[in-house]
Every structure is written in C-alpha cells, then in structure tokens.
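There are 2 protein chains.
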Amino acid sequence: MAKTDMVPSEAKVTKGERTRERILEAALDLFARKGYNAATMRDIAAEAGCSLGLAYRYFASKEEMVLALYERLAAELEEEVAALPSASLAERWARAERAELARLEPHRESLAALFGAGLSVDSPTQVLGPGTRELRTRVRGVYGRLLTGASDAPRGKAVEHLTTLLYASHLSLVLFWLQDRTPDQKATGELIAFGRDMLARLRPVLGLPFVARQTARLATIMTPLFGAGEADEGGSDGQCSGSRG
Amino acid sequence: MAKTDMVPSEAKVTKGERTRERILEAALDLFARKGYNAATMRDIAAEAGCSLGLAYRYFASKEEMVLALYERLAAELEEEVAALPSASLAERWARAERAELARLEPHRESLAALFGAGLSVDSPTQVLGPGTRELRTRVRGVYGRLLTGASDAPRGKAVEHLTTLLYASHLSLVLFWLQDRTPDQKATGELIAFGRDMLARLRPVLGLPFVARQTARLATIMTPLFGAGEADEGGSDGQCSGSRG
DNA sequence: ATAGAAAAGTGAACGTGTTCGAAAAATAAT
DNA sequence: ATTATTTTTCGAACACGTTCACTTTTCTAT
Chain A
35 MAKTDMVPSE AKVTKGERTR ERILEAALDL FARKGYNAAT MRDIAAEAGC SLGLAYRYFA
95 SKEEMVLALY ERLAAELEEE VAALPSASLA ERWARAERAE LARLEPHRES LAALFGAGLS
155 VDSPTQVLGP GTRELRTRVR GVYGRLLTGA SDAPRGKAVE HLTTLLYASH LSLVLFWLQD
215 RTPDQKATGE LIAFGRDMLA RLRPVLGLPF VARQTARLAT IMTPLFGAGE ADEGGSDGQC
275 SGSRG
Chain H
35 MAKTDMVPSE AKVTKGERTR ERILEAALDL FARKGYNAAT MRDIAAEAGC SLGLAYRYFA
95 SKEEMVLALY ERLAAELEEE VAALPSASLA ERWARAERAE LARLEPHRES LAALFGAGLS
155 VDSPTQVLGP GTRELRTRVR GVYGRLLTGA SDAPRGKAVE HLTTLLYASH LSLVLFWLQD
215 RTPDQKATGE LIAFGRDMLA RLRPVLGLPF VARQTARLAT IMTPLFGAGE ADEGGSDGQC
275 SGSRG
C-alpha cells in the first residue's frame, strides 16, 4: 500500500466513482447471470462487497441500474450508427434497428422491467419522463443523424419531423420486440423488413404536398412526447392546471 | 336471519363468489379514492372486512384486481360499440376511441400499473400473454364489429387483417394516452382526429393491389401478437421455427 | 498535527406484495 | 348425530425494495 499516487493532471477519479462502477458491474453481472428479478439488491451488494445501503447511495433504485445499462447500450448504438455507410435511409434504418435489438437481446428481462416501471410509476426512470430527458435527447439525436447521413436524406424542416417519427417508431419497435414471443423474434425481424421496404417505397412521395403536410401534422402531435426537449412538466403548478371539479 | 333461502332454480351464488365481489368492490373503491399505489392490500382487506390472505384466494395478485376492472370497462366498450350508429369506419373508430379513453380516464394510474406489470413480468396479467387471451379476443372482436358495422366496411379476408391492425392501433393508442402529459390529454385527442382523417382519406385506396398487399403483410406480421387466438406459447417447441442464418 | 467538514459506508428497520400452514365454517356421507 | 371432506377464512411469516440514523473514513483548512 505504498503508491497509487496517480498524477492528478487531468481526471480525478474519486473513490465513490470507483465504488459506483463496482456496484454497477456487480449488478449487470447478476442481471445477466440470474435474471433481473432473481438478482436481489442484497445479492448485488454482496457481489460488490459492500453494504446494502451503499448501493442506494449511488443508485436511487434498482431500475436506475438498468437505466445505466441502457445508457451504455445507447452509446454503442451511437457509435454504430456513426460508422454506418451512407446508404439509403431504408437500409440504414433497418441495419441500425437490427444491430440495436441484437445488442439489447441479452438484457430483455432487465429492459422489460425498466420499461414496465417507467411506463407506470412516476419514477425518475420514467421512459418519457423528465429524469431521462438527456438520454432521450441523445438517442433521438442518433436517429437524426441516421436520417441526415442517408444518401437520400430529405432537407428542410421535414428533417425534425421525420426524426421525431423515427424515434417514436424506434421505441414502438422495442416495445413490440419485448412482447414478441415468436421463435428467434421472427415477427420483429419481419417488421423491420416491412419498415425497410416501406421507407424505400415511400421515400419519393415524402415530398408530395399532402404527404408532407400529414407527416408534419403527425410529428407535431407526437412532439410533446417524443420531440427534442419537451417541456418539463413538474415545475410550479403552472398553467396546465385544467380538470376542476 | 331467517330466510335468504333463494330458490336455487338456476344460478347458485356461492358464498365465495359474494366475498370475491365484496373484495373487488373494496379494491376498486380504494384505487379510485387513494390511487393504485397508495391502496395497500391490507387496506383493501380491511375495507372488505376480511383478512389479508383471503384477498389472495380470489385474486392471484394486486394487478389481477385491475384486470377485473379492465374486464368491466371492456364490457362497457362492447355495449357502446354495439350501440354505435352505422356511420363511416372513420367516424365510428374515432367515437369509440374517444368514449373508451373517457371511460378509462378515472383509472389511469391503475391501468398504468397493469400495463407496466403486464409489459415486464411473466405474470398471468401479461397484456399479450396467454392468461388474458379470452379478454383480448373479446376486445379484438369489438373492433371487428366496429369495422364490419361501418357503412363503408370492406369485405373479404381483408376484414380479419384490418381488425388485427385496428386492435393493435387501439393498444398503441392506450399506451400513448397513458404517457400523454399534455393538459387534458390534448395530444391524444389530436391523434384520434388524425387517425379519423387518415381512415377517411385512405379508405378508398385500401382496395388498391399494392395497398391491400402491404396491409395483409403487416397484419400477418402482427398476428402472432395481436391476432385472434394466438398460439399459446409454452407447448412443445413447435414448427414455426424458420429464420436460418 | 489537529479539528472540523464532507464523503463514504453501515446495518437495522419499515412497508409492501405475497405465501403458507392451519383453524373455522359449511357441506356431504355414513 | 357423527364423521369425513371440502370450502372459506385467518394471521403470522417471508422476501424484497427502500429508508434512515448513525459510524467510519477521507479530505481540507488552520
């Protein structure tokens, strides 16, 4: 126990951060080995060699651990999409989704728990809630670049709208995939193929006035939920009161 | 305490059934008054004037109580759709969805819990699982009659496909609605209006070969999840293997 | 070096959904 | 009537996620 005197030139890795990492590693390890539900918080603490209470110093809840996992997976998606060749939007989309689901595959149960909890409770891990906004913005950005990096990328303000729709589709696809009990998730695979074909077929007509108008309309409707930087509900009980009586 | 000797001519209402009803009534009452999460199983038992363990004799889990609630609401939807005037499919759909969401409104939190749990765990209340198949088939049937009862109803085997898509849309809409935090669920209202307009606009082209083909394709993909009488996963690993390499 | 403050860490305890073995009441068989 | 059997009921106990008052360690400033 002599040195460990790293030069504090730039990054200062505090002890707590190392502990947090250790706990997270233990958690993900146990999730993978025993499944999300079977992996107890006490198990995780034991595996990390710390007390039960300490885990809660670094993670507000068990689900938040899965959220940390999802953040990692999202970062991988980010890289993968950045490295995608500049093919058609349809091809890029299909490849990205396939890769993403393959990445998510080992963590189905954990992610289901995350989505399930985030769907219901008013927790900090709410999928579309304020606590996950930064992450959501990042993933949405990935789909923005997936779109703009395509060889047949549209231009103008349609980009924002299509990004919103792409992101909403992504979340829907993940939901479908989570429920898909067909062997090898065959149905989800076919759904991606369907989406690819539709994107390829419909890309040319996206510029048509009627289609463009309806696309914009749908995207605008979805913006409060899936758009970039939604209004964060939860400030002072503002003007969105309503429902008296 | 002399009589209560009802003629046992036809229906034999056992004591347990009455108790079950009493517990359910207490549960729904408390869900409505205190919210789903705040209403404890112990509260419910107390309100019903019975022990904690007894509640579990009639409901395998807390969520199953919400499932019973959903069954009631589904029955109301059934009646309402049956009483719907024979307008266009677009109008009928919009009216049915609006009525349904209005009915669901007082139970948002409970339903969110039901959907959240049903999304994740492998519980008997799994939204798309085998334990809820009968209910699912019934609700799907409602959308089938919503379709066939329309003045511009399509014919042929497109009916089955469109029913599947309509039912899937319905579940998606409920999901969207559960997440919709805009005041008065404005976004959901606009989404219904959008769907109505699209249905009206696209109804004529549904017969076009390309559209019909792709509709059938999408519906077929979704059938394992949303179709009538899905194969109950869990038998011997059947013949729907496919997807090699 | 020392004192004070902040960060890191502990483990008992709480509330909750859920389970279970056994008692009590109702019903059927002798 | 008495016994056997099923149904209904109970409440203690369990396991889990979570909280909290507290201790121990580490850092910072004198």
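Just so you know, the protein sequences line up as chains A and H, in that order. Numbering-wise, this note's numbering puts 73 at position 39 of the first sequence, and it's gapless, one number per residue. Numbering-wise, this note's numbering puts 262 at position 228 of the second sequence, and it's gapless, one number per residue. For glycine and all other residues, C-beta sits at the position ideal for the given N, C-alpha and C. The model shown is predicted, which means the values in this text are computed figures rather than measured ones.
Q. When DSSP labels each residue in this structure, what does LYS191 (chain A) get in the three-state scheme?
A. Correct three-state label for LYS191 (chain A): coil.
Q | Selection from A:GLY263, A:TYR177 and A:ARG76 that minimises the alpha carbon distance to GLU131 (chain A) | A | Ranked by Cα distance from GLU131 (chain A), the first of A:GLY263, A:TYR177 and A:ARG76 is A:TYR177.
Q) What alpha helix (DSSP H) runs, 4 residues minimum, are completely inside the stretch 82–127 of chain H? A) Secondary structure within the stretch 82–127 of chain H: the alpha helix (DSSP H) runs of 4 or more consecutive residues, fully enclosed, are 86–92 and 96–116 (chain order).
Q. Thinking C-alpha only, which one of H:GLY152, H:THR53, H:ALA124 and H:ARG137 is nearest LEU209 (chain A)?
A. Cα-wise, what sits closest to LEU209 (chain A) is H:GLY152.
Q | Members of the stretch 242–257 of chain H that neighbour chain A once the beta carbon cut-off is set at 8 Å | A | Against chain A - using a Cβ distance shorter than 8 Å - the residues of the stretch 242–257 of chain H are GLN248, ARG251, LEU252, ILE255 and MET256.
Q. Helix, strand or coil: how does DSSP classify TYR177 (chain A) here?
A. It is helical.
Q: Determine, using beta carbons only, whether GLU97 (chain A) comes closer than 8 Å to chain H.
A: By the rule that beta-carbons nearer than 8 Å mark a contact, GLU97 (chain A) does not touch chain H.
Q | Where the alpha helix (DSSP H) through LEU162 (chain A) begins and ends | A | Element bounds for LEU162 (chain A): n/a, residue is neither H nor E.
Q. Any beta-carbon of chain A closer than 8 Å to the one on ALA146 (chain H)?
A. Closer than 8 Å: yes.
Q | Backbone secondary structure at GLY50 (chain H) - three-state DSSP | A | Shown here, GLY50 (chain H) sits in a helix according to DSSP, grouped into three states.
**Q.** Euclidean distance between Cα positions of ARG230 (chain A) and GLY190 (chain A)
**A.** Going by the C-alpha atoms only, they are around 23 Å apart.
**Q.** Unbroken stretches of the alpha helix (DSSP H), 4 residues or longer, contained in the stretch 204–244 of chain A
**A.** Within the stretch 204–244 of chain A, the complete alpha helix (DSSP H) runs of at least 4 residues are 220–236.
Q.
Could you tell me the alpha carbon to alpha carbon distance between LEU88 (chain A) and ARG235 (chain A), rounded to whole angstroms?
A. Within the model, the alpha-carbon separation for LEU88 (chain A) versus ARG235 (chain A) is close to 54 Å.
Q) So with Cβ pairs under 8 Å, would you call ALA108 (chain H) a contact of chain A? A) The beta carbon of ALA108 (chain H) sits no closer than 8 Å to any beta carbon of chain A.
Q) Under 8 Å Cβ-Cβ, which residues of chain H neighbour ASP214 (chain A)? A) Correct list: PRO258 and LEU259.
(Q) On the CB-based measure, 16 or more other CB atoms within 10 Å of its CB, does VAL115 (chain H) come out buried or exposed? (A) Its Cβ being crowded by 16 or more others within 10 Å, VAL115 (chain H) is buried.
Q: Determine the direct distance from the alpha carbon of GLU134 (chain A) to that of LEU33 (chain A), and round the result to whole angstroms.
A: Beyond the ends of chain A as shown, which are 35 and 279, falls residue 33 (chain A); an answer cannot be given.
Q) Tell me which same chain residues have a C-beta within less than 6 Å of the C-beta of ALA36 (chain H), skipping the five on either side of it? A) Only weak support is given to the placement of ALA36 (chain H): the predicted model assigns it a pLDDT of 35, under 50, and the question is left unresolved by the model.
Q: Closer than 8 Å, Cβ to Cβ, to anything on chain A: give me those residues from the stretch 57–89 of chain H, in chain order.
A: Interface annotation for the stretch 57–89 of chain H against chain A: ASN71, criterion Cβ-Cβ distance under 8 Å.
(Q) Between SER277 (chain H) and chain A, is the shortest Cβ-Cβ distance under 8 Å, so that the two count as touching? (A) No answer about SER277 (chain H) holds up, because its pLDDT of 37 lies below 50 and its placement is not dependable.
(Q) Can you give me the C-alpha to C-alpha distance between ALA308 (chain A) and LYS68 (chain H), rounded to a whole angstrom? (A) In this structure chain A extends from 35 to 279, so residue 308 (chain A) is not present and cannot be described.
**Q.** Range covered by the alpha helix (DSSP H) that runs through GLU143 (chain H)
**A.** 142–154 is the span of the alpha helix (DSSP H), which, as asked, contains GLU143 (chain H).
Q | Alpha-carbon spacing of ALA109 (chain A) relative to MET75 (chain A), whole angstroms | A | Pairing ALA109 (chain A) with MET75 (chain A), the inter-Cα distance amounts to about 26 Å.
Q.
Looking at the ligand GDP, does it come within less than 7 Å of LEU111 (chain A), judged from the CB to the closest heavy atom?
A. You won't find the ligand GDP in this model; it holds no ligand whatsoever.
**Q.** PRO258 (chain A) (DSSP reduced to helix, strand or coil)
**A.** Annotated three-state conformation of PRO258 (chain A) is helix, per DSSP.
Q. Ordered along the chain, which non-local residues of its own chain (more than five positions away) have a Cβ less than 8 Å from that of LEU205 (chain A)?
A. Sequence-distant partners of LEU205 (chain A) (beyond 5 residues in either direction) whose C-beta falls short of 8 Å from its own C-beta, in its chain, are VAL161 and PHE260.
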